Each structure stands twice: as structure tokens, then as C-alpha cells.
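Scroll down for the structure; my scribbles are underneath it.
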Amino acid sequence: MDTRVWNETFINGQWAEFVCDEFPDPLAIYVDNLKCHVSETAQEAFASWGTELVPLPKNTTAVLQPLDVGIMGPFKKKLRSLTLSYNLTSIQRNGSLPLRERLLALKRMSADEKRKLLVDRVVTAWAAIDERCIKRAWEKAGL
Numbered sequence: 001m002d003t004r005v006w007n008e009t010f011i012n013g014q015w016a017e018f019v020c021d022e023f024p025d026p027l028a029i030y031v032d033n034l035k036c037h038v039s040e041t042a043q044e045a046f047a048s049w050g051t052e053l054v055p056l057p058k059n060t061t062a063v064l065q066p067l068d069v070g071i072m073g074p075f076k077k078k079l080r081s082l083t084l085s086y087n088l089t090s091i092q093r094n095g096s097l098p099l100r101e102r103l104l105a106l107k108r109m110s111a112d113e114k115r116k117l118l119v120d121r122v123v124t125a126w127a128a129i130d131e132r133c134i135k136r137a138w139e140k141a142g143l
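Just so you know, we're using full-length UniProt numbering here: the sequence shown kicks off at 1 and counts up by one.
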């Protein structure tokens with residue numbers, strides 16, 4: 001995640017709105033050890049909203065976030081695979097056009113077309129995650 005996005009969009013946007021609307025008392029937020037999440041800037045920004053930033057212990061993601069490692073990893077891999085497959089098929093389909101034109105056609109798709117394709121790929125990728133994968137993620141975490 002980009003540091004600017006984390007600071008501006010999450011901390012001073014979503015978090016500030018949440019704290020102001022819901023919880024005027026001091027809070028703590030637990031974060032992974034991504035550099036922008038635990039930076040001095042992030043700590044100061046959260047402190048300005050009455051929130052203590054608490055980094056999770058290093059190398060504990062698999063235990064503390066079993067779905068992130070055990071399910072989201074395979075899901076994202078499948079989603080990338082589907083996206084690459086779609087893009088390659090689209091490029092091959094218009095083989096009579098120069099490669100540059102075929103690539104530009106992908107780029108020129110409308111936002112609505114891109115959203116629909118993304119939703120379709122997300123549904124397909126999620127369907128590829130079977131029940132055993134989900135159970136293994138929880139078992140690996142000891143839950």
C-alpha cells in the first residue's frame with residue numbers, strides 16, 4: 001500500500017470519520033508490520049485522532065490472519081491468472097490488427113466494461129477456492 005494512500009485515505013479519511021462519528025474515547029488499532037502502517041507519520045496521525053497504533057508481532061500473519069494467507073493468497077493468484085488469460089485471449093482474438101492496436105483496445109475499454117469483467121473474474125476465482133482450502137486455513141491457525 002502506498003504511504004500517501006494509507007495516511008490520507010485511511011487514517012485521515014475513513015478512520016477519522018469512524019472515530020468522530022462512533023467513538024470519542026481513546027482507541028487502539030492493531031496493524032501488520034507493513035512499513036507505511038507502522039511509520040512514525042502513521043503513529044502521529046493515529047495519535048492525533050486519540051488512537052494508539054499497535055503493531056502485531058512480526059511473522060504472525062499466518063496465525064493471526066489465517067484467511068489472508070490461506071485463502072486470499074490462492075484467491076488472488078487465481079484472479080491474476082484469470083486476468084492474464086483474458087488479456088492474452090483478447091490480444092490473440094484480433095490477430096489481424098497490429099499488436100499496439102490490440103493492446104490499446106484493452107486499455108480503451110470503458111469503466112463499466114472493466115467493472116463487469118472484474119466482477120465476473122472475482123466470482124470465478126472465488127468459486128475455485130474449495131471448502132478444503134478454507135478448512136486448512138483455519139486448521140493451520142489452530143482454530
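A virtual CB, placed ideally from N, CA and C, is assigned to each residue, including glycine.
From a predicted model like this one, the values you see are computed outputs, not experimental measurements.
{"Check": "Could you pull out every residue in the same chain whose Cβ sits closer than 8 angstroms to the Cβ of V19, ignoring the five residues on either side in sequence?", "Outcome": "L27, W49, G50, T51"}
{"Check": "Would you mind stating whether R132 and L79 have Cβ atoms separated by less than 8 angstroms?", "Outcome": "no"}
{"Check": "Give me, in chain order, the residues of the same chain whose beta-carbon lies closer than 8 angstroms to that of Q92; leave out the 5 immediate sequence neighbours on both sides.", "Outcome": "none"}
{"Check": "Tell me whether L106, by its Cβ, gets closer than 7 angstroms to a heavy atom of the ligand HEM.", "Outcome": "Questions concerning the ligand HEM fall outside what the structure shown contains, since it holds no ligand whatsoever."}
{"Check": "Could you tell me which residues DSSP puts in a beta bridge with E52?", "Outcome": "A28"}
{"Check": "Measuring alpha carbon to alpha carbon, tell me which of D2, K35, S110 ends up nearest K58.", "Outcome": "K35"}
{"Check": "How would you call F46, buried or exposed, if buried means at least 16 neighbouring beta carbons within 10 angstroms?", "Outcome": "buried"}
{"Check": "Provide the residue span of the alpha helix (DSSP H) that contains A111, from first to last.", "Outcome": "111-127"}
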